[in-house]
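In case it helps, the numbering used here puts the sequence shown at residues 1 to 609.
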Amino acid sequence: MNRRGALGLAALTALAYLPAWRAGIIWNDPDYITRAPLRSLTGLGQIWTKLGATEQYYPLLHSAFWVEFHFWGASALGYHLFNVALHATSVVLLAGLLSALFARKWPTPPGAPAWTEQAAWIGAALFAVHPVMAESVIWISEQKNTLSLVFYLWAARQYLRFAFLNSRRGYWQGLLLFLAALLSKTVTATLGPALLVMLWWAGEPLWPSAKARAAKWQIGWLAPWLLLGAVAGVFSAWVERTYVGASGADFTLNFVERTLLAARIPWFYLGKLFWPADLVFFYPHWTIDAHAVDNWLWLAATAGLTVILAFLARRSRGPLAVWLLFLGGLFPTLGYFNVFAFVYSYVADHWNYLSSLPVFAGAGWALVFLTRRWPAAARGLAAGALIAVLAARTWQEGAPYRDLVRFYTHIIYRNPGAWMAENNLANIEIDAQRYPEAVRYLDASLQARPNAPVQLYNRGLAQHRLDHLAAAQSDLTAALRAEPAFALARLELARVDNDVGAAGLSSGRLQAALDQFLAAVKLDPKLAVAWANIGHTLIAGNRPGAAIRPLEEALLLQSDFPEAENDLGKVFTMLGRPREAIPHFEAALHLRPDYPDAQRNLASARGGQ
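Right, here's the structure in full:
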């Protein structure tokens with residue numbers, strides 16, 4: 001791949017992703033953009049040493065986010081441009097890798113057209129502009145895909161330098177780059193087996209034999225890569241279960257059901273690669289039933305195609321190599337390991353990012369091989385037309401990422417049963433204090449996923465704001481029945497049952513409210529709002545001395561908490577210590593200048609000095 005070709009591929013990628021410049025911050029992006037507690041050098045250390053400090057244990061990825069935050073803060077544009085740059089880098093690396101592989105298997109005679117270069121360029125260009133890739137490139141959180149793939153392809157390139165040119169430096173550089181890929185996203189653990197398939201296709205000896213010197217057979221040299229990938233994969237699966245939450249009732253498929261799921265998933269992804277229509281962020285959630293005939297047909301099709309390609313491999317190894325590389329790239333998300341996002345769907349476009357590479361490689365090879373007798377201009381025109389159509393579709397896929405409302409509305413349009421999108425739209429309406437609209441979205445979400453605790457909590461919260469106390473109590477009780485350790489639901493239920501701020505509450509009701517709030521902090525000791533409500537309840541029960549500690553705890557957990565500052569000021573006023581009360585009222589007004597209760601309390605405290 002010459003410099004001009006590399007620049008052309010990078011420019012093509014940038015052009016296809018121009019809509020990414022206007023994209024915003026969506027869904028769980030705030031979990032990846034470095035949070036305030038981790039922005040210091042100490043926080044950077046925690047990214048590497050503390051499990052649970054970040055969304056997933058991908059320390060190199062989160063270190064990259066840490067550096068990026070110090071360049072452009074929370075501005076979405078910087079993250080999107082960097083993602084596009086990473087994707088363009090992978091496109092160029094892919095072209096170089098394919099060129100090396102194709103030249104090994106398909107050497108070009110002197111004076112003949114450079115078919116290997118053309119096939120590599122077309123395969124990489126298809127990857128660059130294919131709309132299925134848009135989710136990985138435009139979604140900030142999926143920098144784990146774009147960053148890890150750069151290291152993955154670079155590591156593969158260095159190992160092939162070792163395998164083809166006997167470059168020991170290439171071997172060790174490749175191993176370090178593979179480690180970097182694993183620390184960015186562990187789906188790259190499949191690189192070791194992928195290299196074995198590539199080398200088998202290229203005709204390199206894999207096992208010791210009379211013809212293969214010890215320095216040449218590859219399985220021995222790749223053993224550390226295979227071991228490192230296996231360890232990283234097992235560790236990542238444990239983190240997904242333990243820290244991310246990939247366990248429980250949503251992950252109860254047995255082995256047979258998981259096998260049926262694994263057989264169906266590749267056909268879904270192949271369909272989207274060859275006909276990228278109706279792409280959506282949340283696809284419908286399948287029901288895997290071992291008694292359904294169609295599930296077994298997918299298994300028969302997968303097994304049958306593998307057998308046919310294995311038989312044909314006597315004449316040409318290419319199709320089987322593409323199929324095995326495709327399945328291998330998908331293996332971590334085929335269903336044998338729990339992935340938290342299975343709660344929403346068993347398939348997602350960003351899981352097809354790495355696994356799609358062999359399909360594009362095969363498509364580039366096939367297009368050039370089938371048109372090898374065509375004039376170069378005709379072949380270029382055909383390839384250019386296909387690339388242009390795919391690039392136009394990628395432009396279209398970028399539009400919904402501009403803002404959250406457009407993003408979730410587009411998901412619901414493509415998948416009316418997307419309960420998470422309905423719930424998240426409801427959260428937006430709650431934040432905007434449009435509670436009737438929030439209830440409408442939550443009704444739709446609960447229709448698709450009845451008895452979901454988060455949606456029940458959100459609807460109970462909205463009903464409470466509408467003063468529909470019976471409905472709120474019913475929803476919050478149901479949320480706690482579904483998830484007894486749901487601290488926020490217990491907290492909100494206590495607010496519904498006991499209007500703590502109202503005068504004239506009986507001591508029995510105050511004690512009931514206090515018990516509920518204490519139960520909430522027992523479930524989640526870091527829930528600042530629960531500590532604040534304990535203090536508020538104690539004030540209502542005329543126990544100001546006991547309210548100091550919980551209010552101070554709330555402020556320790558959340559420094560920007562005007563209600564807790566105001567209540568702590570009330571405590572010192574009730575104790576006859578107005579000088580100590582004034583700084584807290586002033587702090588409450590600094591955080592919320594239009595806070596009438598704090599304004600009145602401050603004036604009263606100053607008058608009482």
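For each residue, glycine too, the CB sits at the ideal point set by N, CA and C. A quick note: this is a predicted structure, and the numbers were derived from the prediction, not measured.
Secondary structure of VAL231 (DSSP, three-state): helix.
Counting C-beta pairs closer than 8 angstroms gives three or more between the segment 358-370 and the segment 117-129, which meets the contact rule. The C-beta distance from ASP29 to SER141 rounds to 5 angstroms, short enough to fall under 8 angstroms. DSSP places ARG35 in the coil class of the three-state scheme, outside both helix and strand. The Cβ atoms of LEU442 and ALA462 sit closer than 8 angstroms to each other. In the displayed model, ASN424 falls within a helix according to three-state DSSP.
At least 8 angstroms separates the beta-carbon of ASN352 from that of GLU240. PHE561 sits close to ALA528, with the two beta carbons spaced by under 8 angstroms.
Bounds of any alpha helix (DSSP H) do not take in LEU206, whose DSSP letter is neither H nor E. In the three-state reduction of the DSSP assignment, ASN166 falls in the coil class, being assigned neither a helical nor a strand state. By the Cβ criterion, the segment 407-420 is not in contact with the segment 381-388, since fewer than three pairs of Cβ atoms, one from each stretch, lie closer than 8 angstroms.
For the segment 70-152, there is no continuous beta strand (DSSP E) assignment of 3+ residues that stays within its boundaries. When secondary structure is reduced to three states using DSSP, GLN433 falls in the coil class, being assigned neither helix nor strand.
ASP475 is classed as buried because its beta carbon has at least 16 other beta carbons within 10 Å across all chains shown.
In this structure, LEU12 keeps its C-beta atom at 8 angstroms or more from the C-beta atom of ALA85. Boundaries of the alpha helix (DSSP H) around PRO550: 544-557. In this structure, PRO319 places its C-beta atom within 8 angstroms of the C-beta atom of LEU312. The C-alpha of TYR457 lies about 47 angstroms from the C-alpha of LEU94.
For TYR413, the enclosing alpha helix (DSSP H) covers residues 404-414. When C-alpha distances from ALA581 are compared across LYS570, LEU589, ALA588, the shortest belongs to LYS570.
Taking a cut-off of 8 angstroms for Cβ pairs, the segment 175-195 and the segment 227-242 touch, as three or more such pairs fall below it. Taking the Cα positions, LEU206 is about 40 angstroms away from ALA277. One Cα belongs to SER247, the other to PHE340, and the distance between them is close to 8 angstroms. Counting only runs of at least 3 residues, the segment 254-278 fully encloses no beta strand (DSSP E) element at all. Boundaries of the alpha helix (DSSP H) harbouring PRO578: 578-591, taken from the DSSP string. The criterion of a C-beta distance shorter than 8 angstroms is not satisfied by ALA520 and ALA479. Sequence-distant Cβ neighbours of LEU591 in its own chain, meaning closer than 8 angstroms and more than five residues away, are ASP560, PHE561, PRO562, GLU565.
Under the 10 Å beta carbon count, ILE308 is surrounded by fewer than 16 other beta carbons and is classified as exposed.
Here SER167 has ARG161 as same chain residues with Cβ atoms under 7 angstroms from its own Cβ, once five neighbours each way along the sequence are excluded. By the criterion of a C-beta distance shorter than 6 angstroms, LEU446 is surrounded in its chain by GLN455, once the five residues flanking it on both sides are discounted. Straight across, the Cα-Cα distance linking ALA301 with GLY229 is about 29 angstroms. Here the alpha carbons of ALA366 and ALA103 stand approximately 15 angstroms from one another. Shortest Cα-Cα distance from TYR346 to any of LYS526, ALA438, ILE548, TYR269 involves TYR269. Counted as a single uninterrupted DSSP element, the alpha helix (DSSP H) harbouring ASN566 occupies residues 562-574. Classified as buried, THR146 has 16 or more neighbouring CB atoms from the shown chains inside 10 Å of its CB. For TYR457, the enclosing alpha helix (DSSP H) stretches over residues 453-465.
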